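First up is the structure itself, then whatever we jot down about it.
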Amino acid sequence: MVTTTSTAAETRVLLENISWQTFKIMLSEMGTDRKNKLAYDNGIIEIMTPLMPHENSNRLIEVFVGVLCEEFGLEIKRCGSLTLIRDDLERGGEPDSSYYIQNEFLVRNKENIDLASDPPPDIVLEVEYSKPKIDKLQLYAAMKIPEFWRYNGTVLRIYQLEAEKYLEVEFSPTFTYIAIKEIPRFIQASKQNGEIATTRAFRTWVKEQMSNY
1106 MVTTTSTAAE
1116 TRVLLENISW
1126 QTFKIMLSEM
1136 GTDRKNKLAY
1146 DNGIIEIMTP
1156 LMPHENSNRL
1166 IEVFVGVLCE
1176 EFGLEIKRCG
1186 SLTLIRDDLE
1196 RGGEPDSSYY
1206 IQNEFLVRNK
1216 ENIDLASDPP
1226 PDIVLEVEYS
1236 KPKIDKLQLY
1246 AAMKIPEFWR
1256 YNGTVLRIYQ
1266 LEAEKYLEVE
1276 FSPTFTYIAI
1286 KEIPRFIQAS
1296 KQNGEIATTR
1306 AFRTWVKEQM
1316 SNY
């Protein structure tokens, strides 16, 4: 069965009753030079194709994460839509963005990430202007990803892994005491002021937050 949903920001295609082996063959045959992102869980494949609003939000949040790391004095390895595969769980996903921060030093020189031997990303981001067909909270919790961000075009939610489940939290455990949930207003501001001017404003805001702590 194939189901398709479309918005101005993204398209999602759902394939049901697909084996894990078929999913891995699809990944191999589709290669890495593509826009769409795949996820697999419990016999279901979701294929998400981002459009301009989706991709722009993703890229802006990545810029802001870079600014946060600079101001906190943290190293970062940006891995983009890294293919995360767990053969033992028969689960896979390709988030919009993934970041190694706390564990950056463990993967700094890695050209390929293998979750059988490497740690998972410290943060993954999903931009979801439409409701995903696969429960990403369960998917990434099973992969033991410590922090999960999801942005729906209006609200940014932050989840922290606790006892193998995600709990929504007010503050990012990576960027403590910074009101990360205010990022959406900077995304909106960029549409009026431009991305460079907004990035400067975001950096100033972060510094103010840090000085007030």
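Heads up, the sequence shown is in the numbering used here, so the first residue is 1106 and it goes up one at a time.
Here a beta-carbon is modelled for each residue, glycine too, at the ideal position from N, C-alpha and C.
For clarity, every value in this text was computed on a predicted model and none was experimentally measured.
Outcome for ASN1283 when other beta-carbon atoms lying within 10 angstroms are tallied against a minimum of 16: Looking at the sequence provided, one finds Ile at residue 1283 rather than Asn. So ILE1283 counts as buried.
Contact under 8 Å by Cβ, ILE1206 with ILE1190: no
Look at the Cβ atom of SER1203, then the Cβ atom of VAL1229, and state whether they are nearer than 8 Å. yes
Between ILE1149 and LEU1119, how many whole angstroms is the CB-CB distance? I'm expecting something under 8 Å. 7 Å
Secondary structure of LEU1156, DSSP reduced to three states: coil
As a quick exercise: from TRP1125, THR1281, VAL1107, LYS1238, pick the residue whose alpha carbon is nearest that of ASP1192. TRP1125
If I measure Cβ to Cβ from ILE1239 and keep anything under 7 Å in the same chain, skipping five residues before and after, which residues do I get? ALA1144, ASP1146, ILE1149, GLU1151
Given a cut-off of 8 Å, decide if PRO1158 and ALA1113 are closer than it, judged by their beta-carbon atoms. yes
Kindly confirm or deny that the stretch 1305-1312 and the stretch 1283-1297 touch, where touching means at least three C-beta pairs closer than 8 Å. yes
Which residues mark the beginning and the end of the beta strand (DSSP E) in which LEU1120 is found? 1115-1120
Residues sharing a beta bridge with TRP1066, DSSP: The structure shown has nothing for residue 1066, since the chain only spans 1106 to 1318.
Since ALA1144 sits in a beta bridge, which residues does DSSP pair it with? GLU1151, GLY1198
Among GLY1197, ARG1164, MET1315, THR1279, which has the Cα closest to the Cα of GLN1265? THR1279
Classify MET1106 as buried or exposed, calling it buried when 16 or more other Cβ atoms lie within 10 Å of its own Cβ. exposed
Check whether the Cβ atoms of LEU1173 and VAL1274 lie closer than 8 Å to each other. no
Contact under 8 Å by Cβ, PRO1200 with ASP1227: no
Work out the CA separation of PHE1210 and GLU1216 for me, nearest whole Å. 13 Å
Euclidean distance between Cα positions of THR1127 and GLY1299: 43 Å
In chain order, what residues of the same chain have a beta carbon less than 8 Å from the beta carbon of LYS1286, not counting five sequence neighbours either side? VAL1260, LEU1261, ARG1262, ILE1263, GLU1275
My guess is that GLU1115 and SER1235 are in contact by the Cβ rule of under 8 Å, so how many angstroms apart are they, rounded? 6 Å
Between ARG1262 and the ligand HEM, is there a pair consisting of the residue's CB and a ligand heavy atom that are separated by less than 7 Å? The model on display carries no ligand, and the ligand HEM is accordingly not part of it.
Between the CA atoms of PRO1225 and GLU1171 - distance to the nearest angstrom: Note that residue 1171 corresponds to Gly in the displayed sequence, not to Glu. Distance between the alpha carbons of GLY1171 and PRO1225 is about 19 Å.
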